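Below is one structure, written out as structure tokens; the observations come after it.
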Amino acid sequence: MHAFTKKVTMAVAVALPLTLALGACSAGGGGGGGGAGGDENTLTVWAWDPTFNINALEEAEKVYQEENPDFTLDIVETPWEDLEPKLTTLAQSSQYGELPDIFLMQNNAFQKNGINYPDLFTEIDTDAVDFSQFPEAVTAYSTVDGVNYGVPFDNGTAIQALRTDVLEEAGYTIDDFTDITWDEFITKAEDVLAKTGMPLLSGQAGSADTIMMILQSAGASLFDEDGNPTIDDNPALDEAIDIYTRLVDSGVFVEVNSWDEYLGTFVNGSVAGTINGIWIVGSIQGDEDQAGNWAVTNLPRAEGIDGATQFSANGGSSWVVSSNANVDLATDFLAKTFAGSNELYDTILPTSGAVANWIPAGESTVYAEPNEFFGGQPIFADVVAFGAEVPSNNTGAYYYEGRDAVSAAVTQIIGGADLKTALGEAQANVEFAME
Amino acid sequence: MTTTAPPSERTSRRAAPPRGNRTPSDRPWLSGARRRSLTGWGFLLPAALLIMVMSFIPMIQAFVLSLQTGRGANFNFADPLWSNYTRLLDDEIFKLTLQNTFIYLLIQVPIMLIVALVLASVLNSKNLKFKSFWRTAIFLPCAVSLVAYSLVFRTIFANDGFVNDLLLGLSLIDAPINWLGSPETARFVIILGLLWRWTGYNMVFYLAALQNIDHSTIEAAKVDGANALKTFWYVTVPQLKPMILLTAIMSTNGTLQLFDESWALTRGGPAYQTMSMSHYLFEVSFLKNPNFGYASALSYVILILVAILAFIQLKVGDKRD
Chain A
1 MHAFTKKVTM
11 AVAVALPLTL
21 ALGACSAGGG
31 GGGGGAGGDE
41 NTLTVWAWDP
51 TFNINALEEA
61 EKVYQEENPD
71 FTLDIVETPW
81 EDLEPKLTTL
91 AQSSQYGELP
101 DIFLMQNNAF
111 QKNGINYPDL
121 FTEIDTDAVD
131 FSQFPEAVTA
141 YSTVDGVNYG
151 VPFDNGTAIQ
161 ALRTDVLEEA
171 GYTIDDFTDI
181 TWDEFITKAE
191 DVLAKTGMPL
201 LSGQAGSADT
211 IMMILQSAGA
221 SLFDEDGNPT
231 IDDNPALDEA
241 IDIYTRLVDS
251 GVFVEVNSWD
261 EYLGTFVNGS
271 VAGTINGIWI
281 VGSIQGDEDQ
291 AGNWAVTNLP
301 RAEGIDGATQ
311 FSANGGSSWV
321 VSSNANVDLA
331 TDFLAKTFAG
341 SNELYDTILP
351 TSGAVANWIP
361 AGESTVYAEP
371 NEFFGGQPIF
381 ADVVAFGAEV
391 PSNNTGAYYY
401 EGRDAVSAAV
411 TQIIGGADLK
421 TALGEAQANV
431 EFAME
Chain B
436 MTTTAPPSER
446 TSRRAAPPRG
456 NRTPSDRPWL
466 SGARRRSLTG
476 WGFLLPAALL
486 IMVMSFIPMI
496 QAFVLSLQTG
506 RGANFNFADP
516 LWSNYTRLLD
526 DEIFKLTLQN
536 TFIYLLIQVP
546 IMLIVALVLA
556 SVLNSKNLKF
566 KSFWRTAIFL
576 PCAVSLVAYS
586 LVFRTIFAND
596 GFVNDLLLGL
606 SLIDAPINWL
616 GSPETARFVI
626 ILGLLWRWTG
636 YNMVFYLAAL
646 QNIDHSTIEA
656 AKVDGANALK
666 TFWYVTVPQL
676 KPMILLTAIM
686 STNGTLQLFD
696 ESWALTRGGP
706 AYQTMSMSHY
716 LFEVSFLKNP
726 NFGYASALSY
736 VILILVAILA
746 FIQLKVGDKR
756 D
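Given below as structure tokens:
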């Protein structure tokens, strides 16, 4: 009997922790995730940025609830850096049941994910969403083989924002920087730097954003239509890198090492302007003392390149209806809000600076309202007008490889390497990665 | 018939069935030694199963994956089979990350272990005041959240950060150093971060080992007329050999697999100049166009490197015994 009780005790002592652990594991797995299809009238959404995208989602929920009072939106905040590996992991392990109804995706990542993991997406019903109401350049990002997989959301149209008080000190106005070439820009900016000591631009070292914007403004890309890399034999890219090098060498463009430092340069007033997507406006308004001293205009153009324009874009994202979605409800929700509601865009514009890609939204009066911070300029109406003129570019499935290879090449060129050699290396690296 | 027979005998007598064939030892199968052995296996079994399923089987699957090519989820066996591995030899970025990781290994690990050893022997002395404060303070960095310390280091070493202000204020430099912008200084910042973080961890190991050293050996050395340095080098260190070997292997393993600092401090640094092998693996798998076969091959190369270095260290460590 004594031995038996001991045995039982031992057995229980071994089995109990094991059972508890297994129980905890399975409970944890079921609870987390945020998979779709809980309730007939609920949609689950994965998106990032509480002040921007998630704010827009909450307003969209209210708009949709006017017609469907029982509707609820379950928003799960997921930063893009977490969202992308999550999508890759789910698709790689075929766990499509864990996907939400809708998720947000960066425009540059569409081709890569659409080609590699088509099973993540549901085709957007073109009867429900009228894609002609969005600029073609933007819908092109989320179109794979002629099929639309994304409803465009935030506008990445690029702007040139400058401090008018600094320009005035040097004897210029914002018009002197409108519709100009890059050569003219560099001359005038060096003058401003000499007279006021303030550079006009800044950016992260090792980030190719500025060069990508110049490239896109000239209608060129890192890849051709067939998806082959066009890095080393690309006159537009050579010109863009040349412009960038001249900007940095002359001191007009200040390179910093992190995103926060970049934002700090114009918020703290050490740099008198920036060129980036319209979404940078939220950060520019970070220092209230600078109110009234900013203005927005279009970008300089790259002279000497065919197809050079004053317009470009950086960033932007689109909504995806996942393959695990309540398709009818999700499509209807997107169609009635982000692809059909002036009221929504009017609400989110002043609160978060979310500029629509949806063309009818730009016609509303809210967009034409003068903006105090920018000296009374109706910047949003201007930006929507810019947006219609942005040339499209080819991203392809290897966009990030190309962009990072160019970033590495530019870092070497700034450090003194020869342009042709560095770009040749970049081309070789991208071709290698594409094998 | 005894009433105080040991339990094993009692149960074995009860369990002895009438059988035609008997085992040579003339005792039933579940005898004392075997039963103890089986009980031991019984306790090990759940953990062994878990490790098999969670670690070993995925490792085998990863090896199979490293022999396959294909983007996304479309895999085919590579032709030739080792093409992912031979591809690594042509990958310029991989060679750069290999070089970076070895730079970290060769510079950081020896400095860290020596400093940890010195600190441990200092903290082990009888006369030091506030010993537990010092020990806690030196150990604390490794308990700090990785992301938090990376952000702080990034801010400290920014162009207008604390370190530049300090150096400018002391007139040691004329212009701010772009710490994270040029390869050498960026690597230096990573090595500094690693030293700051892991010295305390290794120091604790050495402290524990030092406590176990027989004080009579030190006294004998003192009696023989050795000064502190000679005592340390000829008496203490040889007795710490197993612990030094352990920390060396652990540090090598950890540094070869370095990811956190490369990701959080410099994001691979200016143009891949501070990227470590594991960071490159992550990029290939999740950030670029996913190529999981290639990434698995990369992970196996890291494994092979760690195994080789550990083997060398074991051989060197054992020889002197």
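From first to last, the protein sequence lines stand for chains A and B. The numbering of the first sequence is the numbering used here, which starts it at 1 and goes up by one. The numbering of the second sequence is the numbering used here, which starts it at 436 and goes up by one. Cβ coordinates follow ideal geometry from the N, Cα and C atoms, glycine included. Note that the coordinates shown come from a computational prediction; the quantities given were computed from them, not determined experimentally.
- Three or more pairs of CB atoms, one per stretch, sit closer than 8 Å, so the stretch 323-334 of chain A contacts the stretch 42-49 of chain A.
- The C-alpha of Leu664/B lies about 18 Å from the C-alpha of Leu642/B.
- Ala330/A carries a helical assignment under DSSP once its states are collapsed to helix, strand and coil.
- Ile528/B and Val14/A have their C-alpha atoms roughly 49 Å apart.
- Taking each of Tyr345/A, Gly375/A, Val383/A, Asn357/A in turn and checking the Cα distance to Val366/A, the smallest one comes out for Tyr345/A.
- Straight-line spacing of the CA atoms in Asn116/A and Ala368/A works out to 42 Å.
- Where Leu629/B is concerned, the enclosing alpha helix (DSSP H) starts and stops at 618-646.
- Straight-line measurement puts the Cα of Ser202/A at about 4 Å from the Cα of Val254/A.
- At a cut-off of 8 Å between C-beta atoms, Thr5/A does not count as an interface residue with respect to chain B.
- Only buried fits Trp279/A, as 16 or more other CB atoms lie within 10 angstroms of its CB.
- Contact check between the stretch 354-364 of chain A and the stretch 151-171 of chain A: three or more CB pairs, one atom from each, fall below 8 Å, which counts as touching.
- At a cut-off of 8 Å between beta-carbon atoms, Val248/A makes no contact with chain B.
- Cβ proximity to chain B below 8 Å picks out nothing from the stretch 217-243 of chain A.
- Judged by pairs of C-beta atoms under 8 Å, the stretch 237-247 of chain A touches the stretch 196-216 of chain A, as three or more such pairs exist.
- Against Pro85/A, the close residues of chain B are Phe721, in the order they occur along the chain (beta-carbon pairs closer than 7 Å).
- Trp668/B carries a helical assignment under DSSP once its states are collapsed to helix, strand and coil.
- Between Ala428/A and Asn559/B, the alpha-carbon positions lie close to 56 Å from each other.
- Residues of chain A with a Cβ closer than 7 Å to the Cβ of Asn599/B do not exist, since the nearest Cβ in that chain sits about 12 Å away.
- If you draw a straight line from the Cα of Ile737/B to the Cα of Asp526/B, it is about 15 Å long.
- For the options Val751/B, Leu716/B, Asp695/B, the alpha carbon positioned closest to that of Ser580/B is the one of Asp695/B.
- For Asn535/B, the uninterrupted alpha helix (DSSP H) segment begins and ends at 527-558.
- Nearest CB-CB separation between Ile739/B and chain A: not below the 8 Å threshold.
- 8 Å or more divides the Cβ of Phe588/B from the Cβ of Leu516/B.
- Within its own chain, the residues whose Cβ lies closer than 6 Å to the Cβ of Leu744/B, once the five positions on either side in sequence are excluded, are Thr687, listed in chain order.
- Residue contact with chain B for Glu401/A: present (Cβ-Cβ distance below 8 Å to some residue of chain B).
- Cβ neighbours of Gly375/A within its own chain (closer than 8 Å, five residues either side excluded): Thr164, Gly292, Asn293, Trp294, Ala295.
- Gln412/A belongs to the set of residues whose beta carbon lies under 8 Å from a beta carbon in chain B.
- By the neighbour-count criterion, in which a residue is buried when 16 or more other Cβ atoms sit within 10 angstroms of its Cβ, Trp668/B is exposed.
- Membership of Leu700/B in any beta strand (DSSP E) is not indicated, and neither H nor E is assigned to it by DSSP.
- Only buried fits Phe333/A, as 16 or more other CB atoms lie within 10 angstroms of its CB.
- For the 8 Å CB-CB criterion, Tyr539/B and Leu680/B do not form a contact.
- DSSP lists Gln204/A as the beta-bridge partner residues of Val256/A.
- Ile159/A sits in a strand when the DSSP states are folded into three classes.
- Boundaries cannot be given for Asp119/A, as no alpha helix (DSSP H) includes it and DSSP labels it neither H nor E.
- Within the stretch 345-379 of chain A, no run of beta strand (DSSP E) reaches 3 residues while sitting entirely inside it.
- The alpha-carbon separation between Pro611/B and Ile648/B amounts to approximately 48 Å.
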